[in-house]
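Visitor:
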Amino acid sequence: MRRPSSKLSGAAAALVGGALVGLSLPPIGAWPVGVAGLGLVLASFAQPWKRRLLAGFLAGLGQFSIGLAWAIQFNDAGYVALVILESGLLALAALLVPRRGPLFLPAGASLLALFEWARDSWPFGGLPLGSAALGQTGGPFQFAARLGGPILVVFAAALAGGGIVRLLLLAGSRRGGGSYQALACLVGAAALAGAGGVAASGVPAGARRLSVALVQGGGRRGLTALQVPPSLVFDAAVRETTKVSGHPSLILWPEDVVGLGAEPFKGSRAEAVLEAIAQRHRATLVAGVTYDVGRTRFRNEVVAISPAGRLVATFEKVHRVPFGEYVPLRGLFKHLANLKAVPRDAIPGHGSGLIRTPAGNFAVLVSYEVFFANRGRSGVRAGGRVILVPTNTSSYSNDQAPSQEIAASRLQALEEDRYLLQVAPTGYSAVVSPSGVVSHRSRLSRPDVIETSVPMLSATTPYADLGELPTLLGAGAVAALGWLLAFGRRDDEL
């Protein structure tokens, strides 16, 4: 593939392309911006290895300085370190791209997809926020999630973007081979989107419907319990629940809405209040509960109270937020940063995320877990008919992180072919269909009660059945084949 024109150097193409990917993320942009950005990033990789390494790093700076801007309000130095770390990972992916050959574009798209998988897993369990896949919600490539999860979404979007940029660069050129490769990439990306689009099973006739009330208490947003006392959050949820007008079989409260401090949930006054609410509405009540365990740990749980007022299910959050709910390598980082905001580490939970209640069987993703496709898959494969996402995003002063969470919920609904119900203390609360459409969405900081009904589904998608392994193997094989076909050409590769 030819290098970008002299008016737009490889470095500039990488930086601009990465910035476009960042701007495609909610709440700023739209999916075509991300496709164009990924195409420019791929074009910038058609250089010798040293410049390719720089291009990858600059693309990361463009993407993550925008996509992870929410982290500034927590710690400036942490934000800078995070952007540099993620950019370094993208630089490594760029280094591994064969700069030429008949499979340059598919190999480059494969390595961008593998990069997304790597940052979903490392370091400290991964950080999927800022992912290019989140910028594709609402577009045709989101449907590839049903086949291979978010990493296949990135592959399809990058393949399309690379093909489009290549066609533009070759406009007016007499060399047709490059055009054929670009057109083949566009056809392949369209095929993935189309195959994902038809992978949905639809709602079968006679499917059982779940009537539900999502309760958002509203109120102030803040970083600490001093700014937003837990008692205010709890009282707001109780107050708004009195406004439930229908007869739901499930009432869903947010994560961490019952903050007990040193008092355990069992036998607490809060437990008695939840039991009374469930009995009064003759509904299953699902709510987020936190309480301390000793001086250094705490639990972050979701509990389910039956219409009879009995505790029938408990799920403890598995995927904790690094430096938010626990501090990895605390002994090291205590010398590098002030850790007073995270005095205790959350106890990691275990299990699939499935809870069985009188209202039905649900796959539960607690807040941050919604960004990890394998957590939704785990609960659905265990028997979840609807996905529940109790979350707490009230720490963020703007809507960037809450908007990215909605995008992650849309991908989860697509990946698992399930209705998804998300509720937060100050927003966003939402109802998402298996086609990724948000049918109800609250406003930030406003109290709200969303009452609706959704079908409880049981069919699965290829992703739910097989997971990411086929996509990972395919991406690795394409990248390796790209190197094999490029091997021996006159080049200055590694």
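Each residue of the sequence shown is one higher than the one before, counting from 12 in the numbering used here. We put the beta carbon where it would ideally sit given N, CA and C, even for glycine.
(1) Among 305, 288 and 303, which one has its Cα closest to the Cα of residue 297?
(2) Compute the beta-carbon to beta-carbon distance between residue 311 and residue 328, rounded to the nearest angstrom, for a pair I have assumed lies under 8 Å.
(3) Secondary structure at residue 368, three-state DSSP: helix, strand or coil?
(4) Could you tell me whether the segment 48 to 59 touches the segment 107 to 123, where touching means 3 or more Cβ pairs closer than 8 Å?
(5) Checking the sheet assignment: what are the DSSP bridge partners for residue 451?
(6) Using a threshold of 7 Å, is the CB atom of residue 118 nearer than that to any non-hydrogen atom of the ligand GTP?
(7) Consult DSSP for residue 358 and reduce its assignment to one of helix, strand or coil.
(8) Identify whether residue 471 lies in helix, strand or coil by the three-state DSSP scheme.
(9) Which term fits residue 307, buried or exposed, when burial requires 16 or more other beta carbons within 10 angstroms of its beta carbon?
(10) When the Cα atoms are used, what is the spatial distance from residue 371 to residue 211?
(11) What's the C-alpha gap between residue 340 and residue 115?
(12) Please state the DSSP three-state secondary structure of residue 296.
(13) Can you grab the Cα-Cα spacing for the pair residue 268 / residue 317, in whole Å?
(14) Where does residue 300 land, buried or exposed, given buried means 16+ other C-beta within 10 angstroms?
(15) Measure how close the beta-carbons of residue 394 and residue 365 come, nearest whole angstrom, since I'm counting them as under 8 Å.
(16) Compare the beta carbon distance of residue 70 and residue 29 with 8 Å and say whether it is the shorter of the two.
(17) For residue 454, which of 87, 229, 391 and 347 has the nearest alpha-carbon?
(18) Quick one: measure Cβ to Cβ for residue 451 and residue 442, integer angstroms, because I've assumed they're closer than 8 Å.
(19) Residue 262 bridges to which residues according to DSSP?
(20) Count the other CB atoms, across all protein chains shown, that sit within 10 Å of the CB of residue 253; report buried if there are 16 or more and exposed otherwise.
(21) Pick from 429, 439, 426 and 390: whose alpha carbon is nearest that of residue 411?
(22) Would you list the one or two residues that DSSP bridges to residue 156?
(23) Taking all protein chains shown into account, do 16 or more other C-beta atoms lie within 10 angstroms of the C-beta of residue 379, making it buried, or fewer, making it exposed?
(24) Report the three-state DSSP secondary structure of residue 413 (helix, strand or coil).
(25) Excluding the 5 residues flanking residue 242 on each side, which residues of the same chain have their C-beta closer than 7 Å to its C-beta?
(26) Under the DSSP definition of a beta bridge, which residues are partnered with residue 428?
(27) Smallest Cα separation from residue 128: which of 226, 493, 497 and 486?
(28) Do you know whose CA, among 472, 182 and 100, lies nearest residue 134's CA?
(29) Starting from residue 314, trace the beta strand (DSSP E) in both directions and tell me its first and last residue.
(30) Just to confirm, is the Cβ distance from residue 263 to residue 223 under 8 Å?
(31) Assuming residue 232 contacts residue 437 (C-beta within less than 8 Å), just tell me the rounded distance between them.
(32) Would you identify the three-state DSSP class for residue 104, choosing helix, strand or coil?
(33) Does residue 461 pass the burial test, meaning 16 or more other C-beta atoms within 10 Å, or should it be called exposed?
(34) Quick one, are the C-beta atoms of residue 387 and residue 336 less than 8 Å apart?
(35) For residue 141 versus residue 72, is the C-beta spacing smaller than 8 Å?
(36) So, using beta-carbon positions, are residue 153 and residue 422 closer together than 8 Å?
Guide: To lay it out plainly:
(1) Against the sequence shown, residue 297 aligns to sequence position 286. If we check each option's Cα against that of residue 297, 288 comes out closest.
(2) To locate residue 311, count along the sequence shown from 1; it is residue 300. To locate residue 328, count along the sequence shown from 1; it is residue 317. At roughly 4 Å, the Cβ-Cβ gap stays under 8 Å, so residue 311 and residue 328 are in contact.
(3) Here the question's residue 368 lines up with position 357 in the sequence shown. Residue 368 falls in the strand class under three-state DSSP.
(4) The segment 48 to 59 vs the segment 107 to 123: in contact.
(5) Taking the sequence shown and counting its residues from 1, one reaches residue 451 at position 440. Answer is 442, bridged to residue 451.
(6) Annotation note on the ligand GTP: not contained in the displayed structure, which lists no ligands.
(7) Taking the sequence shown and counting its residues from 1, one reaches residue 358 at position 347. Coil at residue 358, not helix or strand.
(8) Position 460 of the sequence shown, counted from the start, is the residue given in the question as residue 471. In this structure, residue 471 counts as coil in the three-state DSSP scheme.
(9) For the purposes of this step, residue 307 is identified with residue 296 of the sequence shown, where counting begins at 1. Under this definition residue 307 is an exposed residue.
(10) As a working note, residue 371 is residue 360 in the sequence shown. As a working note, residue 211 is residue 200 in the sequence shown. Computed Cα separation, rounded: 22 Å.
(11) As a first step, residue 340 must be located in the sequence shown, where it is residue number 329. As a first step, residue 115 must be located in the sequence shown, where it is residue number 104. Answer to the nearest angstrom: the Cα atoms are 40 Å apart.
(12) Residue numbering aside, residue 296 sits at position 285 when the sequence shown is read from its first letter. Correct three-state label for residue 296: strand.
(13) What you label residue 268 is simply residue 257 of the sequence shown in a count that begins at 1. What you label residue 317 is simply residue 306 of the sequence shown in a count that begins at 1. Rounded to whole angstroms, residue 268 to residue 317 spans 18 Å at the Cα level.
(14) Residue 300 sits at position 289 when you count from the first residue of the sequence shown. That one is buried.
(15) On the sequence shown, residue 394 is found 383 positions in, with the first residue counted as 1. On the sequence shown, residue 365 is found 354 positions in, with the first residue counted as 1. Going by Cβ atoms, the distance from residue 394 to residue 365 rounds to 6 Å, so yes, they are a contact pair.
(16) Residue mapping note: residue 70 aligns to position 59 of the sequence shown, counting from 1. Residue mapping note: residue 29 aligns to position 18 of the sequence shown, counting from 1. The answer is yes: Cβ separation under 8 Å.
(17) The residue you call residue 454 lines up with position 443 of the sequence shown. If we check each option's Cα against that of residue 454, 229 comes out closest.
(18) Reading the sequence shown from its first residue, position 440 is the one you call residue 451. Reading the sequence shown from its first residue, position 431 is the one you call residue 442. Confirmed, Cβ separation roughly 4 Å.
(19) Within the sequence shown, the letter at position 251 stands for residue 262. BP columns for residue 262 point to 224 and 296.
(20) Along the sequence shown, one-based indexing puts residue 253 at 242. Exposed, because fewer than 16 other Cβ atoms sit within 10 Å of the Cβ of residue 253.
(21) The residue given as residue 411 occupies position 400 in the sequence shown. Per the Cα distances, 439.
(22) For this step, residue 156 is matched to residue 145 along the sequence shown. DSSP lists no partner for residue 156.
(23) What you label residue 379 is simply residue 368 of the sequence shown in a count that begins at 1. Buried, because 16 or more other Cβ atoms sit within 10 Å of the Cβ of residue 379.
(24) Taking the first residue of the sequence shown as 1, we reach residue 413 at position 402. Here residue 413 sits in helix by DSSP.
(25) For this step, residue 242 is matched to residue 231 along the sequence shown. There are no such residues.
(26) In the sequence shown, counting from the first residue as 1, residue 428 sits at position 417. Note: residue 428 sits in no beta bridge, so no partner.
(27) Position 117 of the sequence shown, counted from the first residue, corresponds to residue 128. Comparing alpha-carbon positions, the option among 226, 493, 497 and 486 lying closest to residue 128 turns out to be 486.
(28) Within the sequence shown, residue 134 is the residue found at index 123, counting from 1. The candidate whose alpha carbon is nearest that of residue 134 is 100.
(29) Numbered from its first residue, the sequence shown carries residue 314 at position 303. Where residue 314 is concerned, the enclosing beta strand (DSSP E) stretches over 308 to 316.
(30) Against the sequence shown, residue 263 aligns to sequence position 252. Against the sequence shown, residue 223 aligns to sequence position 212. Result yes, Cβ atoms of residue 263 and residue 223 sit closer than 8 Å.
(31) Locating residue 232 in the sequence shown gives position 221, counting from the first residue. Locating residue 437 in the sequence shown gives position 426, counting from the first residue. Their Cβ separation, rounded to whole angstroms, is 5 Å, which keeps residue 232 and residue 437 in contact under 8 Å.
(32) Within the sequence shown, residue 104 is the residue found at index 93, counting from 1. Three-state DSSP puts residue 104 in a helix.
(33) Mapped onto the sequence shown, residue 461 falls at position 450. Here residue 461 is buried: its Cβ has 16 or more other Cβ atoms, across all protein chains shown, within 10 Å.
(34) To locate residue 387, count along the sequence shown from 1; it is residue 376. To locate residue 336, count along the sequence shown from 1; it is residue 325. For residue 387 and residue 336, no; Cβs fall outside 8 Å.
(35) Here residue 141 refers to the residue found at position 130 of the sequence shown. Here residue 72 refers to the residue found at position 61 of the sequence shown. It is not a contact, given that the beta carbons lie outside the stated cut-off.
(36) Taking the first residue of the sequence shown as 1, we reach residue 153 at position 142. Taking the first residue of the sequence shown as 1, we reach residue 422 at position 411. The answer is yes: Cβ separation under 8 Å.
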